[in-house]
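Report on the following structure.
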């Protein structure tokens, strides 16, 4: 950052957001750690994360945001991958045509913007977000996808095929009933519905495809892919719903 920029502590003090004593204690704590002054003030409850974000935005002349559910499109994380997101401390928020808005802890870093452009093929519109806030949501959404992938992997194809074959051969209705009440199907439906509710979805789509079942949900008028379980469990999913 430019030396001409006013220090964060001075800005907070001049705006009456911290007292001289609070600033002095935070500066003392900073000397004995590798933490940033703003992070210390937030952790100590002196200022909120939102206040720090807006102050940093004014300092560097960037747009800023505090990440929350509904602001982040989880599907966009796959455009850069979890490892790169962590390395760059960057998280895609939303995409409009060929412009990708990305939360970054260093939004004025041209090398990081160039890397994001190479990874996504999009124009990058950076906005400032706190380092810890970005890491929290990378972990949240990457963890969600890992849980879903692990769950789908746990569905044994052999079991699915046997039940589906019995259904096609006009077996008794209890075959599907047994599958529906079994924990794998219940858990899958719960994961889909809870994820949709958490992200503020208006509706959920369960669509049969030749090689699987596609589950999508709609947020702000746009359909997002959630998961693609095996085709053999489509009837059980619909029955459970």
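Numbering (our numbering), first residue to last: 2 to 242.
Virtual Cβ for every residue (Gly too), placed ideally from N, Cα, C.
Legend entry - According to DSSP, residues forming a beta bridge with residue 65: 129
Legend entry - Enclosing beta strand (DSSP E) for residue 214 [first to last residue]: 213-220
Inset, instruction - Pull up the distance between the alpha-carbon of residue 106 and that of residue 115, whole angstroms please. - result: If I take the Cα positions, the gap works out to 15 Å.
Inset, instruction - Can you give me the Cβ contacts of residue 123 inside the same chain, cut-off strictly under 7 Å, excluding the 5 residues immediately before and after it? - result: Hits under 7 Å: 96, 99, 100, 101.
Inset, instruction - Assuming residue 209 contacts residue 142 (C-beta within less than 8 Å), just tell me the rounded distance between them. - result: Not confirmed; about 27 Å, so no contact.
Legend entry - Spatial neighbours of residue 213 in its chain, beta-carbon cut-off 8 Å, leaving aside the 5 residues before and after: 229, 230, 231, 232
Legend entry - Per-residue DSSP class, three states only, for residue 41: helix
Legend entry - Cβ-based neighbour list, residue 10, same chain, cut-off 8 Å, excluding 5 preceding and 5 following: Answer for residue 10: 19, 24, 27, 28, 38, listed in chain order.
Legend entry - Distance, residue 42 Cα to residue 48 Cα: C-alpha of residue 48 to C-alpha of residue 42: approximately 6 Å in a straight line.
Inset, instruction - Inspect the beta-carbon positions of residue 89 and residue 117 and report whether they are closer than 9 Å. - result: Going by beta carbons, residue 89 and residue 117 fall inside the 9 Å limit.
Inset, instruction - Note down the Cα distance separating residue 220 from residue 135, rounded to an integer number of angstroms. - result: 21 Å
Legend entry - Element boundaries [beta strand (DSSP E), containing residue 100]: Here the beta strand (DSSP E) through residue 100 covers 100-105.
Legend entry - DSSP beta-bridge partners of residue 84: In the DSSP output, where bridge partners are listed per residue, residue 84 has none listed.
Inset, instruction - Put residue 97 into one of helix, strand or coil per three-state DSSP. - result: strand
Legend entry - Through-space distance from residue 206 to residue 218, alpha-carbon basis: 6 Å
Legend entry - Those residues which DSSP pairs with residue 244 across a bridge: With the chain represented from 2 up to 242, any question about residue 244 goes unanswered, as that position is not in the structure.
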